[in-house]
Amino acid sequence: MMEVSLIVAMDANKGIGKNNDLMWHLPKDMNFFKTTTENHVVIMGRKNYDSIPLKYRPLSNRLNVIITRNRSFQADGCLVFHSLEKAFDHFKNDKRELFVIGGGQIYALVMEMDVLSKMYITHVEDTFEADTFFPDFDHTLWETSKLLDQDQDERHQCGFKTLLYTKFDK
Ligand SMILES: NC(=O)c1ccc[n+]([C@@H]2O[C@H](COP(=O)([O-])OP(=O)(O)OC[C@H]3O[C@@H](n4cnc5c(N)ncnc54)[C@H](OP(=O)(O)O)[C@@H]3O)[C@@H](O)[C@H]2O)c1
2 MMEVSLIVAM DANKGIGKNN DLMWHLPKDM NFFKTTTENH VVIMGRKNYD SIPLKYRPLS
62 NRLNVIITRN RSFQADGCLV FHSLEKAFDH FKNDKRELFV IGGGQIYALV MEMDVLSKMY
122 ITHVEDTFEA DTFFPDFDHT LWETSKLLDQ DQDERHQCGF KTLLYTKFDK
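So this is what it looks like as structure tokens:
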């Protein structure tokens, strides 16, 4: 059975990005993203894909899936679908975990679909001037456990906590 998860880092205002870029550099969170999603499938909006530096895309050791309305869009080494539903349908018998990795439009779409069983959310303990946000959601539907707890230090401009949210009814 298909398992759909989401992974995101957000600030204290639920900000996730600005000018099609991330707003912070947090190496341990980047490493958490890499090790959590490796060997699985990552599903992203076309703008998120564009925001990844050329030398890092497609993201290594993961199947990269891009969602776009543009019927002529192609990207080397990536699968392209024209809706999230079509992407999920393609993987319905796949054993790999499907990670929705943003950005804002794609997070909003998947939160409306009631398909997620897990969310890996890094809560960055500061506020930034974001132009893209994670949607509000009902926290009472999710059980949480702490995976990482990082203080500000010489490599991390601010502290963060990474929580695993597990849907109660899934
Ligand atoms: N903090 C984090 O964890 C995190 C993670 C990921 C991204 N981000 C940030 O998020 C920002 C990008 O997010 P965004 O909301 O601007 O864009 P996005 O969600 O990455 O991509 C939006 C694009 O997805 C396609 N799309 C959207 N809805 C669709 C639908 N219903 N059917 C088919 N295609 C659809 C469209 O592509 P076309 O225009 O090609 O049709 C649309 O322009 C950046 O700042 C990035 O750095 C942050």
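Each residue of the sequence shown is one higher than the last, beginning at 2 in this note's numbering. The beta carbon of each residue, even a glycine, is placed where N, CA and C say it ideally should be.
1. By Cβ distance below 6 angstroms, which residues in the same chain neighbour residue 153 in space, the five residues on each side in sequence not counted?
2. At which residues does the beta strand (DSSP E) containing residue 6 begin and terminate?
3. May I ask whether a heavy atom of ligand 1 can be found less than 7 angstroms away from the beta carbon of residue 6?
4. Checking 8 angstroms against the spacing of the C-beta atoms, do residue 12 and residue 131 come in under that value?
5. Looking only at its own chain, which residues have a Cβ that is under 6 angstroms from the Cβ of residue 128, when we skip the five neighbours before and after it?
6. Which runs of the beta strand (DSSP E) at least 3 residues long sit entirely within the region 29–57? Give them in chain order.
7. Return the chain-ordered ranges of every alpha helix (DSSP H) run that is complete within the region 80–121 and spans a minimum of 4 residues.
8. Nearest to residue 112 by alpha carbon, out of 93, 98, 138 and 97?
9. Which one of 43, 42 and 67 has the shortest CA to CA distance from residue 51?
10. Note down the Cα distance separating residue 4 from residue 116, rounded to an integer number of angstroms.
11. With distances taken from CA atoms, which of 2, 56, 77 and 26 is nearest residue 157?
12. Going along the chain, which residues of its own chain have a beta-carbon closer than 6 angstroms to the beta-carbon of residue 119, five neighbours each way excluded?
13. Could you please give the first and the last residue of the uninterrupted beta strand (DSSP E) stretch that includes residue 154?
According to the structure shown:
1. By 1-based counting over the sequence shown, the position of residue 153 is 152. Counting only Cβ-Cβ distances below 6 angstroms, and skipping sequence neighbours, we find 159 and 160.
2. On the sequence shown, position 5 is the one that residue 6 refers to. Start and end: 4–11.
3. Here residue 6 refers to the residue found at position 5 of the sequence shown. No; taking the cut-off as 7 angstroms, the Cβ of residue 6 has no heavy atom of ligand 1 nearer than that.
4. In the sequence shown, the residue the question calls residue 12 occupies position 11. In the sequence shown, the residue the question calls residue 131 occupies position 130. Yes, Cβ-Cβ distance for residue 12 and residue 131 is below 8 angstroms.
5. Here residue 128 refers to the residue found at position 127 of the sequence shown. Cβ within range, chain order: 12, 13 and 14.
6. 42–46
7. 85–91 and 105–112
8. What you label residue 112 is simply residue 111 of the sequence shown in a count that begins at 1. Answer by Cα proximity: 138.
9. In the sequence shown, residue 51 corresponds to position 50, counting from 1. Looking at the Cα atoms, 67 is the closest of the given residues.
10. Mapped onto the sequence shown, residue 4 falls at position 3. Mapped onto the sequence shown, residue 116 falls at position 115. One C-alpha to the other measures close to 8 angstroms.
11. For this step, residue 157 is matched to residue 156 along the sequence shown. Of the candidates 2, 56, 77 and 26, the one whose C-alpha sits nearest the C-alpha of residue 157 is 26.
12. What you label residue 119 is simply residue 118 of the sequence shown in a count that begins at 1. Counting only Cβ-Cβ distances below 6 angstroms, and skipping sequence neighbours, we find 6 and 167.
13. Taking the sequence shown and counting its residues from 1, one reaches residue 154 at position 153. Element bounds for residue 154: n/a, residue is neither H nor E.
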